[in-house]
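K.L.:
All residue numbers for the sequence shown refer to this note's numbering, where the first residue is 1 and numbers rise by one.
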Amino acid sequence: MYEKEKDLISAFLRGEVDRRGMLKGLGAAGLAAGTAGTLFNMMSTQALAADFDWKAHSGKKLKLLLNKHPYADAMIANLQAFKDLTGIDVTYDVFPEDVYFDKVTAALSSGSAEYDAFMTGAYMTWTYGPAGWIADLNEWIKDPAKTNPNYNWDDFLAGVKNSCAWNGQPGGALGSEDAKQWCIPWAFEQNNITYNREMFDKAGVELPKNLDDMITVAAKLQKDIGGIYGIGVRGSRSWATIHPGFLSGYANFNQKDLNVSADGKLSAAMGTAESKAYHAKFVQMIQESGPKDWSTYTWYQVGTDLGAGASAMIFDADCLGYFMNGGDNKMAGKLGYAAFAANPEATASTPNIWIWSLAMSNFSKDKDATWYFLQWASGPEHALFGATKMDFVDPVRQSIWKDEIFREKLNGKYPGYVEMFDASAAGASIKFTPQPLFFDVTTEWASTLQKMVAKQVPVDEGLDQLVESINRQLQEAGLG
């Protein structure tokens with residue numbers, strides 16, 4: 001039964017037919033979508049198993065610690081495929097983000113063997129790795145006996161992959177030759193512009209071309225539309241305020257968070273004239289066109305205001321704009337996307353990124369079986385499933401971004417999203433300097449930004465105080 005359909009799927013798996021041709025052929029054969037999907041999944045599993053002993057750990061059990069997120073939802077929806085492929089049973093705990101990282105820290109710091117693998121941000125591994133809480137995954141990636149030959153490590157976007165690797169030396173370059181692969185990138189977030197197309201048309205403004213232009217456009221939108229504010233950016237006293245739009249624009253002006261001397265000593269780098277000029281403009285933009293209670297704004301408030309039509313644009317995570325353009329959001333279907341270069345002299349956008357990644361606990365009782373899960377969850381087959389069937393919107397593999405079906409899915413409802421990715425992916429990476437005081441430095445930076453916006457301290461004076469404080473902390477920690 002379905003022999004012709006199986007032949008067509010086999011031709012696709014061999015690379016002889018593209019996905020469009022396969023889907024067209026299955027449709028012409030009268031195969032229902034559900035049946036076609038079941039048949040495809042079955043044959044994909046068989047094809048995977050043909051090149052690698054996926055059953056090597058059959059009968060074993062793993063437990064995952066997951067953050068409640070659409071990326072986790074996509075994995076859970078496809079988890080049966082992994083169980084069928086490997087014979088490994090997988091259970092998981094899911095927690096909302098406001099408590100999730102505390103759960104991770106508690107499990108790792110206590111040496112608990114309850115969880116084998118977990119979701120993490122790359123920034124967090126700068127603590128977990130040197131503490132000995134997570135495994136260096138190079139041991140498995142570079143072992144052909146333990147890694148599927150079709151895993152294709154080189155398929156990962158270079159800037160994203162390198163941002164998940166660090167040698168553990170404060171100030172050491174991410175992705176260096178001696179770096180340890182503390183986690184596997186899963187999906188990432190570039191920080192660019194999401195905007196309300198109707199509001200832009202009504203105000204007669206074009207997409208901002210640089211930071212000066214963004215200040216002008218945001219102010220005009222706020223003035224002309226009425227009842228809205230011009231631009232949403234984060235403002236709470238947290239590292240999460242610094243890393244999205246703010247640092248993306250800052251790095252586009254070739255500014256750094258820290259200097260690293262020839263002998264490895266660290267010092268604050270925010271005191272330059274260029275840095276002070278950038279801060280002054282960013283502060284002006286928030287004062288003139290940001291939300292009134294900006295200092296309370298997190299990812300959630302920035303996104304929900306955009307989705308509700310309370311703001312005209314955001315300079316934040318692209319996937320945040322993606323989620324606000326669907327569901328029951330008031331502005332669903334009305335949003336657009338664009339790459340943004342804050343520096344008028346820059347040739348392209350260079351966004352700082354957040355990377356949802358997968359890491360292996362060093363306390364796992366079966367690391368080899370855990371690696372089977374990690375390579376499957378970050379492999380091309382699951383990435384394609386998540387990207388085309390679920391909301392796995394920012395995959396980290398180049399091959400997925402080249403997939404015609406995925407690109408059409410985005411082009412159909414998310415105008416400009418693909419072009420935004422194409423324009424900024426090459427410059428996308430983590431722009432922070434890896435070091436153990438990362439959260440202390442960025443939280444104080446956010447606090448200083450709050451004081452500037454509230455006019456409690458002039459920009460120049462505030463940055464001078466910040467530099468002095470950070471340098472003192474670095475020296476006390478033996479880093480400066």
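Heads up, the beta-carbon is just placed ideally off N, CA and C, and yes, glycines get one too.
All values derive from a computational prediction rather than experimental measurement.
Helix, strand or coil: how does DSSP classify Y92 here?
P.N.:
DSSP places Y92 in strand when its eight states are reduced to three.
K.L.:
On the DSSP bridge list, what partners appear for W166?
P.N.:
Partner(s): K180.
K.L.:
With distance defined between alpha-carbon atoms, name the residue in Q473, A312, I88, P351 nearest to A369.
P.N.:
That would be I88, whose Cα lies nearest to the Cα of A369.
K.L.:
Looking only at C-alpha atoms, which of L463, M420, T298, V233 sits nearest to E97?
P.N.:
Nearest of L463, M420, T298, V233 to E97, Cα basis: T298.
K.L.:
Using C-beta distances below 6 angstroms, list every residue in its chain close to L247, excluding the 5 sequence neighbours before and after it, in chain order.
P.N.:
N352, K431, listed in sequence order.
K.L.:
Relative to the C-alpha of L85, which residue among G386, Y372, S364 is closest?
P.N.:
The candidate whose alpha carbon is nearest that of L85 is Y372.
K.L.:
Taking the Cβ atom as the reference point for each residue, do T194 and I314 lie within a distance shorter than 8 angstroms?
P.N.:
Contact: yes.
K.L.:
Can you give the Cα-Cα distance for F385 and E404, rounded to whole angstroms?
P.N.:
Going by the C-alpha atoms only, they are around 13 angstroms apart.
K.L.:
Whole angstroms are fine: how far does the CA of Q398 sit from the CA of S469?
P.N.:
Computed Cα separation, rounded: 41 angstroms.
K.L.:
Please classify P149: is it buried, with 16 or more other beta-carbons within 10 angstroms of its beta-carbon, or exposed?
P.N.:
Exposed, because fewer than 16 other Cβ atoms sit within 10 Å of the Cβ of P149.
K.L.:
Could you pull the DSSP bridge partners for E189 from this structure?
P.N.:
Bridge partners of E189: W354.
K.L.:
State the CB to CB distance for the pair Q473 and R237, rounded to an integer number of angstroms; the pair is presumed to be in contact (CB under 8 angstroms).
P.N.:
16 angstroms between Cβ atoms; not a contact.
K.L.:
Just list the residues that DSSP pairs T194 with in beta bridges.
P.N.:
Partner(s): I314, Y337.
K.L.:
So, at 8 angstroms on beta carbons, what are the nonlocal neighbours of A348 in its own chain, with the 5 sequence-adjacent residues on each side left out?
P.N.:
Closer than 8 angstroms at Cβ, skipping near neighbours: A339, A341, A423, S424, A426, G427.
K.L.:
Output the distance between the C-alpha atoms of V302 and V233, rounded to the nearest integer angstrom.
P.N.:
In a straight line, the C-alpha of V302 is about 6 angstroms away from that of V233.
K.L.:
From which residue to which residue does the beta strand (DSSP E) around S267 run?
P.N.:
Looking at the DSSP string, the run of the beta strand (DSSP E) that includes S267 is 266 to 268.
K.L.:
Locate the beta strand (DSSP E) running through T272, then write down its first and last residues.
P.N.:
No beta strand (DSSP E) holds T272; DSSP gives it neither H nor E.
K.L.:
Quick test of your reading: L62 and M119, contact by CB under 8 angstroms. State the CB separation rounded to the nearest angstrom.
P.N.:
Wrong, their Cβ atoms sit about 14 angstroms apart, outside the cutoff.
K.L.:
For I134, list the residues DSSP reports as bridge partners.
P.N.:
According to DSSP, which records beta bridges pairwise, I134 is partnered with S361.
K.L.:
Using a Cβ-Cβ cut-off of 6 angstroms (strictly less than) and excluding sequence neighbours within five positions of T448, which residues of its own chain qualify?
P.N.:
The answer, listed in chain order, is G462, L466.
K.L.:
In whole angstroms, give me the CA-to-CA distance for E381 and M324.
P.N.:
One C-alpha to the other measures close to 27 angstroms.
K.L.:
Between the C-alpha atoms of G333 and N162, what's the straight-line distance to the nearest angstrom?
P.N.:
Computed Cα separation, rounded: 35 angstroms.
K.L.:
Residue range of the beta strand (DSSP E) that Y61 falls in?
P.N.:
The identity of residue 61 in the sequence shown is Lys, whereas the question assumes Tyr. Unbroken beta strand (DSSP E) run through K61: 61 to 67.
K.L.:
With DSSP as the reference, label L258 as helix, strand or coil.
P.N.:
L258 falls in the strand class under three-state DSSP.
K.L.:
When you compare only the Cα positions, how much space is there between K220 and D212?
P.N.:
Going by the C-alpha atoms only, they are around 13 angstroms apart.
K.L.:
For Y128, name the three-state secondary structure that DSSP assigns.
P.N.:
Correct three-state label for Y128: helix.
K.L.:
What does the alpha-carbon distance come out to for the pair A477 and Q435?
P.N.:
If I take the Cα positions, the gap works out to 11 angstroms.
K.L.:
May I ask which residues mark the beginning and end of the beta strand (DSSP E) holding G423?
P.N.:
It should be pointed out that residue 423 corresponds to Ala in this sequence rather than to Gly. Looking at the DSSP string, A423 is not in any beta strand (DSSP E); the run it does join, the alpha helix (DSSP H), is 417 to 424.
K.L.:
In whole angstroms, what separates the C-alpha of K223 from that of L306?
P.N.:
Rounded to whole angstroms, K223 to L306 spans 17 angstroms at the Cα level.
K.L.:
Can you give the Cα-Cα distance for L108 and G379, rounded to whole angstroms?
P.N.:
When rounded, the distance between both Cα atoms is 25 angstroms.
K.L.:
If you measure between the beta carbons of G326 and Y337, is that distance less than 8 angstroms?
P.N.:
No, the pair does not count as a contact, with Cβ atoms beyond the cut-off.
K.L.:
Pick helix, strand or coil for S429, following the three-state DSSP scheme.
P.N.:
Looking at S429 - three-state DSSP - the assignment turns out to be strand.
K.L.:
Between the C-alpha atoms of W166 and W354, what's the straight-line distance to the nearest angstrom?
P.N.:
Their Cα atoms are separated by approximately 16 angstroms.
K.L.:
On a Cα-Cα basis, can you pick out the residue from D155, A122, K455, V104 that is closest to W295?
P.N.:
It should be noted that the sequence gives Ser, not Trp, for residue 295. The option with the nearest alpha carbon to S295 is K455.
K.L.:
Given a cut-off of 8 angstroms, decide if D394 and E189 are closer than it, judged by their beta-carbon atoms.
P.N.:
The answer is yes: Cβ separation under 8 angstroms.
K.L.:
Considering only C-alpha positions, which residue in the set P344, A308, V457, D293 is nearest to D328?
P.N.:
D328 has its Cα closest to that of A308, out of P344, A308, V457, D293.
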